[in-house]
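Taking it in order: structure first as structure tokens, then the write-up.
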Amino acid sequence: MIHAINGLGLRDHSEAKKGSEETTARPRRLATRWVCGSVVVGGGRRMRSKLRVLWWVKAVGERVTVTVGRSRIRGEWEIAETGKLKKMNCWRWGFVGIVYAALVLTIGAVEHGRTQPTERISGSAGDVLEDNPVGRLKVFVYELPSKYNKKILQKDPRCLTHMFAAEIFMHRFLLSSPVRTLNPEEADWFYTPVYTTCDLTPNGLPLPFKSPRMMRSAIQLISSNWPYWNRTEGADHFFVVPHDFGACFHYQEEKAIERGILHMLQRATLVQTFGQRNHVCLNEGSITIPPYAPPQKMQTHLIPEKTPRSIFVYFRGLFYDVGNDPEGGYYARGARAAVWENFKNNPLFDISTEHPTTYYEDMQRAVFCLCPLGWAPWSPRLVEAVIFGCIPVIIADDIVLPFADAIPWEEIGVYIDEKDVPNLDTILTSIPLDVILRKQRLLANPSMKQAMLFPYPAQPGDAFHQVLNGLARKLPHDKSIYLKSGEKILNWTAGPVGDLKPW
29 MIHAINGLGL RDHSEAKKGS EETTARPRRL ATRWVCGSVV VGGGRRMRSK LRVLWWVKAV
89 GERVTVTVGR SRIRGEWEIA ETGKLKKMNC WRWGFVGIVY AALVLTIGAV EHGRTQPTER
149 ISGSAGDVLE DNPVGRLKVF VYELPSKYNK KILQKDPRCL THMFAAEIFM HRFLLSSPVR
209 TLNPEEADWF YTPVYTTCDL TPNGLPLPFK SPRMMRSAIQ LISSNWPYWN RTEGADHFFV
269 VPHDFGACFH YQEEKAIERG ILHMLQRATL VQTFGQRNHV CLNEGSITIP PYAPPQKMQT
329 HLIPEKTPRS IFVYFRGLFY DVGNDPEGGY YARGARAAVW ENFKNNPLFD ISTEHPTTYY
389 EDMQRAVFCL CPLGWAPWSP RLVEAVIFGC IPVIIADDIV LPFADAIPWE EIGVYIDEKD
449 VPNLDTILTS IPLDVILRKQ RLLANPSMKQ AMLFPYPAQP GDAFHQVLNG LARKLPHDKS
509 IYLKSGEKIL NWTAGPVGDL KPW
């Protein structure tokens, strides 16, 4: 009998479910030979792969189900022949194979935490995650002309579904939130609803070039019509700026660094997806949030909880951006290229540039999901991994992750230094089983998932509430934020000449 190893998708035929996608009515013949504990399997064109894992093939004629990733070998196979074990660093691959086999056998036995009790984060982190901000702060929402928000959205409804949509849903949430006050005199915070990312290319990517002018125009408006901005020059105001590099308003890092944060926002609290330590585009005190991922869409792609996690490492996305980085190595600081070059033929890695319709389902079948940096260090994959219980493998040096004061990323994810990407397989296969299972139990905690989403309508503990929690923890404001009569700190004419043009 062949033992079940869900991580490779090789299972005892007697345990295979009738009608599942991994079984067929008539088994095909599978020619095999041993190479140092690795089974080389072949079944014609496009069906050939080497499983670098110690395996036990007992007898010719025995039937097994083989699935390596999603694009390699699938279906029911019958052992046609066996070969002799050859000496090729057997001690090395044998050890790796035994460790990996034991790891995935046990994970498969407990179904990767899908039916296990969830685990709550103990200590202050868990308490912070479940804080209720209602009653701890009041927010005044400026009523701006619709050209700053609603009309922009009417022009291009795609803004509701792209990864930068947090600025839209945060506005909608605050309008009906119990923390909203219509009396600005009692407000702790002031919010200016400006949709700076809702200027999209035909491909759906935001153009940041008008954003600085748009933001300047909005600030000039509120400073002229209300007295509250001028009291602090924005120190008790917050803005949602979900661009690639936040309020630096550019999608290329070198340009963003050159621009720096829009000078008029230097004293405000910025709520942004971009987070990287010691970076000019991240002010101290900013609140880092997850990118927007559509909750309803992900809900429709949930698969049965008992589905085994048959993919060890999963990733879909670019490895090279030939159009913008033809020489390679600049995009993602070379980290994605290193993933491809080192692991494109590794059967433990299901990685590709193709984005299948089963993308969400695949993540629910994976143990680890790669979350490497791209042009910016953040991406929606982080949200998707948490929602689907796939351990996020974070490859982005110095990244500041969403709600890091509430979500214990070290306990639910795996950090990999960019320079260590070539050792990714060794690092992941050496993680102790009990550590993997605990990460999965923590990821199964509903409060962990809820904190990553911007649902509409809002729900307790969601990302909206985490933003408010972050704002509440900054209270009370220090008296030093209030300016003396006639005092000015910000230079309204600073920045590129193009930013000074009327919007």
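Sequence positions in the sequence shown follow the working numbering and run 29 to 531. Backbone N, C-alpha and C fix where the C-beta goes; we use that ideal spot for every residue, glycine too. All figures in this text were calculated on a predicted structure; none of them were measured in a lab.
Cβ-based neighbour list, residue i, same chain, cut-off 8 Å, excluding 5 preceding and 5 following
i      : result
LEU228 : ASP184, ARG186, CYS187, HIS190, PRO234, LEU235
ASP390 : ARG98, ILE339, TYR342, ARG344, ASP378, PRO384
LEU499 : PRO161, LEU165, VAL167, ASP216, TRP217, PHE266, THR297, ILE315
PRO212 : PHE168, PHE218, TRP254, TYR256
ARG208 : LYS166, VAL167, PHE168, VAL169, LEU202
CA nearest to the CA of residue i, picked from the options
i      : options                        : result
MET292 : SER251, GLN468, ASN374         : SER251
SER239 : LEU496, HIS307, ALA284         : ALA284
LEU470 : PRO460, GLU439, TYR223, GLY514 : GLU439
SER513 : THR220, ARG259, ARG200         : ARG259
TRP406 : TYR279, TRP217, LEU330         : TYR279
SER475 : LEU465, ILE464, PRO488         : PRO488
ASP506 : ARG295, THR220, LEU203         : ARG295
VAL525 : PHE237, ARG208, CYS226         : PHE237
CYS226 : LEU503, LYS179, PRO483, THR301 : LYS179
CYS399 : ASN497, TRP257, GLU446, PHE201 : GLU446
ALA432 : GLY313, THR457, TRP403, TYR387 : GLY313
GLY303 : LEU401, LYS467, THR328, ILE459 : LEU401
VAL299 : THR454, TYR387, HIS199         : HIS199
LEU157 : GLU333, LEU496, ILE464         : LEU496
LYS532 : PHE201, SER245, LEU511         : Within the shown structure, residues of the chain are numbered from 29 to 531, placing residue 532 beyond reach of any answer.
ALA486 : PHE192, ASP159, SER205         : SER205
LEU203 : PHE492, VAL414, LEU249         : PHE492
MET326 : ILE317, GLU286, VAL414         : VAL414
GLY163 : GLU214, TYR510, ALA193         : GLU214
Same chain, Cβ closer than 7 Å to residue i, five either side skipped, listed in chain order
i      : result
ILE196 : LEU181, CYS187, LEU188, TYR223
GLY288 : CYS276, VAL308
TYR443 : ILE422
PHE347 : ARG364, ALA365, VAL367, TRP368, THR381
GLY151 : Because the pLDDT at GLY151 is just 45, under 50, the model does not fix this residue reliably, and the point stays unresolved.
PRO323 : LEU481, PRO483
TRP520 : MET292
TYR387 : ARG344
Anticipated Cβ contact below 8 Å, residue i with residue j, distance rounded
i      : j      : result
TYR176 : MET242 : 7 Å
PRO270 : THR301 : 5 Å
ALA434 : GLN478 : Not quite, the Cβ-Cβ distance comes to about 11 Å (not below 8 Å), so this is no contact.
GLY523 : LEU210 : Actually they are not in contact, since the Cβ atoms of GLY523 and LEU210 sit about 34 Å apart, beyond 8 Å.
ASP490 : LEU503 : Actually they are not in contact, since the Cβ atoms of ASP490 and LEU503 sit about 21 Å apart, beyond 8 Å.
TRP437 : GLU281 : In fact, because the Cβ distance is near 22 Å, the residues do not count as touching under 8 Å.
ILE247 : TRP257 : 7 Å
VAL395 : ARG466 : That belief does not hold up - the Cβ atoms of VAL395 and ARG466 are roughly 13 Å apart, past 8 Å.
GLY441 : PRO420 : 4 Å
6 Å Cβ shell around residue i - same chain, five flanking residues per side excluded
i      : result
GLN392 : ILE331, PHE416
ASN370 : PRO450
GLU261 : ARG295, ILE517, LEU518
ASP349 : TYR359
Would you list, in sequence order, the uninterrupted alpha helix (DSSP H) runs of no fewer than 4 residues that lie entirely inside the stretch 291-332? For the stretch 291-332, whole alpha helix (DSSP H) runs of length 4 or above, ordered along the chain, are 323-327.
Between the stretch 161-176 and the stretch 273-287, do three or more beta carbon pairs fall short of 8 Å? Between the stretch 161-176 and the stretch 273-287, the count of C-beta pairs closer than 8 Å stays below three; the two stretches do not touch.
Check whether the stretch 371-391 and the stretch 425-433 are in contact - that is, three or more C-beta pairs closer than 8 Å. Inter-segment contact for the stretch 371-391 and the stretch 425-433 is absent: fewer than three beta-carbon pairs are separated by less than 8 Å.
Which complete alpha helix (DSSP H) runs does the stretch 363-408 hold, if anything under 4 residues is left out? Within the stretch 363-408, the complete alpha helix (DSSP H) runs of at least 4 residues are 363-371, 387-392.
Runs of alpha helix (DSSP H) wholly within the stretch 228-288 (minimum 4 residues, chain order): If we require 4 residues or more, the alpha helix (DSSP H) runs fully inside the stretch 228-288 come out as 239-253, 256-260, 281-287.
Alpha helix (DSSP H) runs wholly inside the stretch 404-490, at least 4 long, in chain order: List check, alpha helix (DSSP H) in window: 409-415, 437-440, 452-457, 461-471, 474-478.
Segments of 4+ residues assigned as alpha helix (DSSP H) that fall wholly inside the stretch 181-206: Runs found: 194-203.
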